[in-house]
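Chemist: Quick note: the sequence shown uses the numbering used here, first residue 31, plus one each step.
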Amino acid sequence: MECLVDSIEKDLGIERKQLVLGERCQWVAYVPVKWLNSLKERKLLPSSCPRPEGVSEAEIATFLQPSVNKLPAGWTRISIQTLRKSRLAYHISRRSSSPPGWSDEAGRVGGGLDLDTVSGFMKHVADQNYRNLWRKAHGSYIRPHTVSMEKPGPSCLESVKGSLSRLLGCSFIHIGGDSSLTKEAGPYPSPISQGTHPNLLPAEALLESAHFLYVIQPFSRYSLRDVVTYSPAKLASSHAKVLFILFQVLQAMRACHREGLACGSLSLNQLMVDERLWTQLQLSLSDYERPECAELIRGEAGQQGGERADCSGQLEKLPGLLTDWVHGRISNFSYLMGLNRLAGRRPGDPNYHPVLPWVVDFTVPYGKFRDLRKSKFRLNKGDKQLDFTYQMTKEAFVAGGQTGEQLHVPHHISDILSDITYYVYKARRTPRSVLCSHVRSQWEPNEYPASMERMQSWTPDECIPEFYTDPTIFQSIHPDMPDLDIPAWCGSYQEFIDIHRKLLESKEVSLNLHHWIDLTFGYKLTGKEAVKAKNVCLHLVDSHTHLTSYGVVQLFNQPHPQRLVGGSYAPPEAPAITRHLKDVAERCSEIRAASPINGVVPETAGSEGAWPVEQDSGDHSKEEDLEEGTEALDSLSAFDESLDQSSPAPIGNLSTVDPRSLVSRMNRNQGAANHELLDARISLPEGFNPLQALEELVKLDNFLVRGLYSELPERTHTDQTRELSFSQLVQRDMQAFGVLIAEIFFAHRLKALAQNAPLLDRFLAVRKLCLHHMKEIAAPLQQATSTLLQLQVSPEELLKTRTHRDQVSLFEYQPVFEGLPPPSPSQLLSPCCPIISFPFYFNSLHRFVCIYYSHWAEDGDQGRDFVFSLWQQLDKLLEKVQPEGLEILLPFILGLMSNDLTAVYAAWYFFEPISRALGPRNSYRYLLKPLVGVYEKPGYLCGRFYLYTDCFIVQLIVRLGLQPFLNSLLPHILQVLTGQEGAEESQVLGGAVDDEEGVSASPDSYSSAELKGAAEHRSSSFVDFSSGISFSDQAELTESEDFQNGIFLSEREQESVSLGKLSDKSSNSDASAEDCGTDSDSKERLSLRSTDSNRDFKLMEGFLQPGDEEEEEQEEEEGEGEVAPESATFCSPPAPDPRENETLTKAGNLDEEEDEELSEGKEQKILLDTACKTVKWLSARLGPTLSSRYIVRNLLRLLISCYFGCEKHQFVSMGDDNLTHVGNIYERRPVLGDLIAKPVLECLMYVAQLYGEPVLTYQCLIYIAYVVGPSNSWRLNSRKEAGLLSAMVLTQKIIVYLSDTTLMDVLPKINQDVLLPVLEVLTSPNTSFPSRVQARMALCVKTLSLIALVCLRIGQEMVTQHMSETLRRFFQGFSIVSDLKHRMGVSENSRVGLAGLSDGTELGWDLAALEELEVVFSLEMAYSAYIPFNCLIGRPIRIFDAFDSRNPVTAVTSMPAPHCSIITGTADSVLHFIDPRKPGLQHEFRLNSSVTAGLIRCMAVSPSGRSVAVGFSSGYIYLLDTRTGLIMRVWQAHESDILQLKTAEGNVVVSSSTDHCLTIWKESDQKPFHHYRSPSDPVHTFDLHGNEIVAGTAANRIGIYSLLGTSAPVAMNKLSSENFRGTLTSLGILPAKRLLLLGSDNGVIRLLA
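#1: Along the chain, where does the beta strand (DSSP E) containing Arg894 start, and where does it finish?
#2: Out of His574, Val469, Asp36 and Asp379, state which residue places its alpha-carbon closest to the alpha-carbon of Ser267.
#3: Can you tell me whether Thr1250 is buried or exposed, with buried defined as 16 or more other CB within 10 angstroms of its CB?
#4: Looking at the structure shown, is Cys493 part of a helix, part of a strand, or coil, going by DSSP?
#5: I need the boundaries of the alpha helix (DSSP H) containing Ala772, first residue and last residue.
#6: Report buried or exposed for Pro509, applying the criterion of at least 16 other Cβ atoms within 10 angstroms of its Cβ.
#7: Please specify which runs of the alpha helix (DSSP H), each continuous and at least 4 residues long, are wholly inside the region 263-318, giving them in chain order.
#8: Am I right that Arg470 and Ser506 are in contact with their C-beta atoms under 8 Å? What's the rounded C-beta distance?
#9: On a CA-only basis, which of Leu840, Asp763 and Asn786 is nearest Arg797? Give me that one, please.
#10: In the DSSP assignment, the beta strand (DSSP E) including Asp1613 goes from what residue to what residue?
#11: In the DSSP output, which residue or residues are listed as bridge partners for Tyr1602?
#12: So Arg284 and Pro855 are supposed to be a Cβ contact under 8 Å. How far apart are they, rounded?
#13: Going by alpha carbons, who is nearest to Phe93 out of Pro80, Arg107 and Gly84?
#14: To the nearest angstrom, report how far apart Arg877 and Arg161 are at their CA atoms.
#15: According to DSSP, simplified to helix, strand and coil, what is Ser1243?
#16: Determine the DSSP secondary structure at Trp105, reduced to helix, strand or coil.
#17: Using the beta-carbon count (16 or more within 10 Å), is Gly412 buried or exposed?
#18: Tell me the DSSP secondary structure of Gly1191 in three-state form.
#19: Determine the closest residue to Val1242 out of Val1261, Asp379, Leu1226 and Leu1225, with distance taken between C-alpha atoms.
#20: Can you confirm whether the region 1345-1358 touches the region 1225-1232 when touching is taken to mean that 3 or more C-beta pairs between the two stretches lie within less than 8 Å?
#21: The alpha helix (DSSP H) spanning Asp1551 covers which residue range?
#22: Go ahead and pull the three-state DSSP assignment for Ala1278.
#23: Could you check which residue in Ser1544, Leu1212, Gln1596 and Ala1267 has the C-alpha nearest to that of His1239?
#24: According to DSSP, is Lys398 part of a helix, a strand, or is it coil?
#25: State the Cα-Cα distance for the pair Leu1668 and Phe1612, rounded to the nearest angstrom.
#26: Spatial neighbours of Glu45 within its chain, please: C-beta separation below 7 Å, excluding the five flanking residues on both sides.
#27: Are Ser757 and Asn381 close, meaning C-beta to C-beta below 8 Å?
#28: Please report the straight-line C-alpha distance between Pro495 and Ser860, rounded to a whole angstrom.
#29: Of all the options Gly963, Leu904, Pro943 and Leu948, which has the alpha carbon lying nearest to the alpha carbon of Asp930?
#30: Just the C-alpha distance for Leu1376 and Leu1556, rounded to the nearest angstrom, thanks.
#31: How many Å lie between Pro490 and Gly378 at the Cα?
#32: From the DSSP secondary-structure annotation, give me the bridge partner or partners of Trp519.
#33: Going straight from the alpha carbon of Leu1004 to that of Leu1198, what length do you get?
#34: Are the CB atoms of His121 and Ser185 within a distance shorter than 8 Å?
#35: From Phe775, Ala1455, Val1380 and Ala1368, pick the residue whose C-alpha is nearest to that of Phe1404; which is it?
#36: Return the Cβ separation of His569 and Gly581 in integer angstroms, given the expectation that the two are a contact with Cβ distance under 8 Å.
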């Protein structure tokens, strides 16, 4: 290793402390990012690498560990592969240099054959079979008898360099001081190209020195071995994931073979994967180094000899290691360290450091041995705590299984050795900065265990090897942390290490160590045994799908054999036998020898046996002694057996002996000896079992065979030599690929195999497993495994094909097997190949993923163009993909939706097709959280308004379900109305917890649970699926859930939803997506076009308001036949807001401005307008119940947030300070919060217009009363302050929309529950405002405006009757401070005396509140309050008496806004213009005409205010210019009196007369534009609505005419006498809700729908 470290340090300038040997025979270096970037851009040759400053060696060693995620800014890790040029000094044969199926073109073989077609594949198979059979015949019959004329192949060094340069897209940079290399280098290398295959790990740089080649690649944290070892659940859901990984590997192998480069002995460590299973192959270039070269260098280098062997990190085999330990040939420490290495534990890795058991507790001299049958966690926590943990997590697991989200898994322990414990163990040798970042942020040296006894009792984790080997671990490097104390019975640290190591190797530990191994590495980690041992480890049972490079590894699935330490029954020396016992034994032997049958006593019928038994003896101890003595004699019967074997007497002699005489003789001769044996016996050890050793050997053999599969066939090697060819390398790659397939599925059975074991050992291990457990391999891969590994051939015969000992391939494939040539990547990737049946959609899926990663690698445009290119591939892919493929595809989509640059466009383009493929349940489970994340992301995101359009909202509702949308997404959509976005602001919709406590649950109030119900689903409650998807674990929703329930859809939309079809990106009122094709621009124009989304649905007719019963009866009697068409009915939706049309038209034309960047302000305005329009549209679709529960309730909460904060209380100028008329107090002085709350109030009032006054009276007013009501605390917090301001603003809006009757009904409630509580706070000297004077001033202005508005609505008499107390409380505020000053004897003009008022504080008054009152209730405020209330409570505002009493007023009209003039016409044909703000007349215009016109009957001012039409009793109409008084036109319009005049846009005048005519005139035309004649009654009243004229006659008939000139009325209806009594005298249209207001001669006014 020193040779390689020195070369890297010399050639690359990287210090050895910045290097560590990785797991894949590579070096991991810790380097600056700038240095790496300079190297990549060829700006700086690696002369020297900057050293990390201010970082200790321990910290650098930590950063080099794979499990460490966070690195300091500006630093990164790289992987360095080294190749010794001396070991590449051989040639590769040109013969058969191209592997079967290899070609220069992707997917095409020899002559441009396309392997994706059947004809191309069959042609390829025929050509390859012919060539292979010819080569075999030539090699067998021709080559041995001819002299080879072949030229030597190219040098391996040159071949590897050229292939790497082409494959990785960069050239070699020559470094070092070798002049020869400098001369050969030629021009400076070209920049790195971007041609690397996506499934190959790219190279940062390729370097060449005099003796080495360096391949520098980015460091990858996770390999496929990490997945199958630490996160096996990631691949457990479906076989498609494994197939897709292998598909990518074959793609990478095919790219390598095209460039003439072999992949090496493919292993799980070489496949780099990420969370989405994107796989990149890291080439194993060390396999190119020839073994004989390694031996040469090993012999010359001495200490450098085991470099490549050591590179694999101890290639020990577990069966041999286990056998050596069981038989005592290696120590406990060596065996445990070997198990740690095989488990993948890395020294120095804080998350995965090797572990050893604590064996003693250090409480007594030499310690008290620990119970190794229990884990340290169990000993530390206790069984009760572990049972509680397991039971609680089990209950949570069961509960989570019912909801589909299993966030808890039953377990006992979380880890064997945590990173915190590791740093506590090594606290004395670890820098302070590292301890503060991992253990605790605040440095407290006394908090760390001070002694080994305390350390052992404190920690629940196992020990580390340093406490058995390193005496320096006790010595502190910190001046304020003492050394770690050792027990008093140790004189030094080294003595403690020696004693501790001896305790580990003691007999007591050795006899029980196998129990600890079962708990840490063995079968007690899983299954019932783990539960029984209270050792269920969380990492092994949580089925996590996120990638990790560490975890608990189970090496054994069988009980671990015990160590054979030699019992007391088999000591090294023979046991001592007493002389007396020896004599008795000899006498017994003589008796047996003298018997005629050589001491053999044959069995006889009725014999009680050879040993006398005392019948009357009850001493059981004698019987036990007898049995023990018999066993002792049996042990000494070897001498008797030798006599039996030496006697030649025939068996037939037994027939001549009398059995009875024989028995009696034997009893007499042995009687005395038996009694002596009872007294003299051998005492054997307790528990003596002569078969124990044999049983242990059997257990060991069974463990090796069943648990480790250790029986391996003998290898045979030949000494034949042959030149290496590229075809051998390719065959080796395919054989390694077959081994790789088996290792993926047999990972749990191959944990005993070393990670970097030779390919031959891996092959033999997996081959045996395939023969016995083939069913564990996925069915689509079983044939491939059998073909690649040649399982139908015995291993002995298969390995005979190894023609020489240095052959790189395991064996040679047959030229033709089952009709196919030897396997190759191109052949296996062909859809026509029967070996591996890859899903047919894998090509499209792989193309999609390649585009995904190529854009990220190139740092290109990650916005709309990138997502659109993926969307084009997605549509084709989803047509073919199956559910297993969706599990692979979905993490990529979720990644795009989680990235700031692509989140908006990914949601816009991908949600509809992906959710359609997933279905509602999986869409809810996997897409809801990323969608919530997109809406929660604060800040400016281009194109974000797409997600707030009505068409996208419809898709969300239909695909996710109505309830998930309302609970999780609607609050975020509403929140945009306030301009506050993000997760922090979303808490506003959760309600103020402290403000909502104690509210009653009566029907007239809100409960706390209801107020917080809208935002109960937070993003933290969702499971993260970005690292793994599995459709096998479904999120169970109610089967009967109807996603259309509760939402009003048009007939067309209902049909689309029922068929599962939706417009891709356009609302239902737009053209369908089928008409727009696939062009993205057309798609956006359709989706964002300015349309009226309300015209596709009708208002809910069944939602009745109080007092509507009579209207319902009238509608039932009229019948359906009299209903007018939709174009003329009054239930049609209201006209769209011009502002909305203008905004969305801009959004629709956004594609025309792609080259112009939208400013943040313009983008925010478009977003706000789009969200406002969508909320209105959604309110109409949801209906009254859901709108009130989810929209109105959340809007009311958002309204409070609009006034939260002192900056929201600042007054802003609106440019209308000159307005001083009554009722403009609020309009004239708005605060900043009013501007923010404008969209919220607009949406609230829209809902009220849709569903009537109950929304305002039964919901809004109750919420206002709740907000302004007294709280539990006397202090006023910021939320309460904002609530008071929002309550006043909202109440003012409500007053405007309430009818007079409703207003008078709720007026007492407004006074008692709203105004009086607000005035109590406003005028209270005990409570100060958090925002001080500014907030109290704003509240005072808004309260004053609200009171003035109420008084204006109810009139003077009602003000005196209902508002007296309210006005008194308000004006009482002006006298509070003056009364206090008068009481204290302070001058009223003094403002500094408040600070010295001691009595005020004694009375409970707040000095800050008194200062606020003094500023707010000032003379200026008194003057502002005097103007409106003097007018409302006192006399009328003004009486005009300037007219001549002889000429009464015959007609009155008003000028349109912004004019304030009133026009009156008198009997003398004079028009008087009056400004109500000023005294006197403005001017007068006399209508002088030679024609006797008569009296003025009516007048109408044009919408622009420039002209006025005057109708006379004679039928004449005068058209007058209002600015100059000039008569523009006079004409005879009718033959009799003109009843009514109206003007419209376009210089249109409409007149009706008693001659039954209704005429439409153009000001510039002499003839009428259109003429209508009523057949029966004259039209004496009418009104205009859009392009329609609604006219009424004295016969109570309602007619609808058109301004456009149709020949007949659209409809004519007669009013029912039950609904309308009397004679119709006047009518008007309420355009907001398209209602008809009718007046009769009996003084009754009716409102009809």
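Glycine is no exception: its CB is placed at the ideal position from the N, C-alpha and C atoms.
Modeler: Inspection of the coordinates gives the following:
#1: Within the sequence shown, the letter at position 864 stands for residue 894. Premise fails: Arg894 lies in the alpha helix (DSSP H), Arg894 to Leu908, not in any beta strand (DSSP E).
#2: Indexing the sequence shown from 1 puts residue 267 at position 237. If we check each option's Cα against that of Ser267, His574 comes out closest.
#3: Position 1220 of the sequence shown, counted from the first residue, corresponds to residue 1250. Low per-residue confidence applies at Thr1250: pLDDT is 38, beneath 50, and the placement is therefore not dependable enough to give any value.
#4: Along the sequence shown, one-based indexing puts residue 493 at 463. Here Cys493 sits in strand by DSSP.
#5: Locating residue 772 in the sequence shown gives position 742, counting from the first residue. Here the alpha helix (DSSP H) through Ala772 covers Phe756 to Phe775.
#6: Counting from one through the sequence shown, the residue named residue 509 turns up at place 479. By the neighbour-count rule (16 or more Cβ atoms within 10 Å), Pro509 is not buried but exposed.
#7: 269-288
#8: Counting from 1 along the sequence shown, the entry for residue 470 is found at position 440. Counting from 1 along the sequence shown, the entry for residue 506 is found at position 476. No, Arg470 and Ser506 are not in contact; Cβ-Cβ is about 17 Å, not under 8 Å.
#9: Along the sequence shown, one-based indexing puts residue 797 at 767. The shortest C-alpha separation from Arg797 is found at Leu840.
#10: Position 1583 of the sequence shown, counted from the first residue, corresponds to residue 1613. Taken as a continuous stretch (DSSP letters only), the beta strand (DSSP E) holding Asp1613 covers Val1609 to His1615.
#11: As a position in the sequence shown, residue 1602 is number 1572, starting the count at 1. In the DSSP output, where bridge partners are listed per residue, Tyr1602 has Leu1588.
#12: Residue 284 sits at position 254 when you count from the first residue of the sequence shown. Residue 855 sits at position 825 when you count from the first residue of the sequence shown. About 4 Å; that satisfies the 8 Å criterion.
#13: What you label residue 93 is simply residue 63 of the sequence shown in a count that begins at 1. Cα-wise, what sits closest to Phe93 is Arg107.
#14: Taking the sequence shown and counting its residues from 1, one reaches residue 877 at position 847. Taking the sequence shown and counting its residues from 1, one reaches residue 161 at position 131. The alpha-carbon atoms of Arg877 and Arg161 are separated by roughly 33 Å.
#15: For the purposes of this step, residue 1243 is identified with residue 1213 of the sequence shown, where counting begins at 1. Of the three classes helix, strand and coil, the one that applies to Ser1243 here is coil, per DSSP.
#16: In the sequence shown, counting from the first residue as 1, residue 105 sits at position 75. Strand.
#17: Residue 412 sits at position 382 when you count from the first residue of the sequence shown. Classification for Gly412: exposed.
#18: By 1-based counting over the sequence shown, the position of residue 1191 is 1161. It is helical.
#19: Taking the sequence shown and counting its residues from 1, one reaches residue 1242 at position 1212. Nearest of Val1261, Asp379, Leu1226 and Leu1225 to Val1242, Cα basis: Val1261.
#20: no
#21: As a position in the sequence shown, residue 1551 is number 1521, starting the count at 1. Where Asp1551 is concerned, there is no enclosing alpha helix (DSSP H), although the beta strand (DSSP E) it sits in stretches over Tyr1546 to Asp1551.
#22: Taking the sequence shown and counting its residues from 1, one reaches residue 1278 at position 1248. Helix at Ala1278.
#23: Position 1209 of the sequence shown, counting from 1, holds the residue named residue 1239. Comparing Cα positions, the closest option is Ala1267.
#24: As a first step, residue 398 must be located in the sequence shown, where it is residue number 368. Looking at Lys398 - three-state DSSP - the assignment turns out to be coil, as it is neither helix nor strand.
#25: Sequence index remark: in the sequence shown, residue 1668 carries index 1638 (1-based). Sequence index remark: in the sequence shown, residue 1612 carries index 1582 (1-based). Each residue's Cα considered, the two are about 11 Å apart.
#26: On the sequence shown, residue 45 is found 15 positions in, with the first residue counted as 1. Glu39 and Arg81.
#27: Taking the sequence shown and counting its residues from 1, one reaches residue 757 at position 727. Taking the sequence shown and counting its residues from 1, one reaches residue 381 at position 351. No, Cβ-Cβ distance for Ser757 and Asn381 is not below 8 Å.
#28: Start at 1 with the first residue of the sequence shown, and residue 495 comes out as number 465. Start at 1 with the first residue of the sequence shown, and residue 860 comes out as number 830. Straight-line Cα distance between these residues: approximately 52 Å.
#29: Here residue 930 refers to the residue found at position 900 when the sequence shown is read from its first residue. Of Gly963, Leu904, Pro943 and Leu948, the residue nearest in Cα terms is Gly963.
#30: Counted from its first residue, the sequence shown places residue 1376 at position 1346. Counted from its first residue, the sequence shown places residue 1556 at position 1526. So the two alpha carbons sit approximately 44 Å from each other.
#31: Indexing the sequence shown from 1 puts residue 490 at position 460. Indexing the sequence shown from 1 puts residue 378 at position 348. Answer to the nearest angstrom: the Cα atoms are 20 Å apart.
#32: Within the sequence shown, the letter at position 489 stands for residue 519. Beta-bridge pairing links Trp519 to no other residue.
#33: Locating residue 1004 in the sequence shown gives position 974, counting from the first residue. Locating residue 1198 in the sequence shown gives position 1168, counting from the first residue. Using only the alpha carbons, I get a separation of about 10 Å.
#34: Along the sequence shown, one-based indexing puts residue 185 at 155. Along the sequence shown, one-based indexing puts residue 121 at 91. Cβ atoms of Ser185 and His121: closer than 8 Å.
#35: Indexing the sequence shown from 1 puts residue 1404 at position 1374. Closest option to Phe1404, Cα to Cα, is Ala1455.
#36: Position 539 of the sequence shown, counted from the first residue, corresponds to residue 569. Position 551 of the sequence shown, counted from the first residue, corresponds to residue 581. Indeed they touch by this definition, with Cβ atoms about 5 Å apart.
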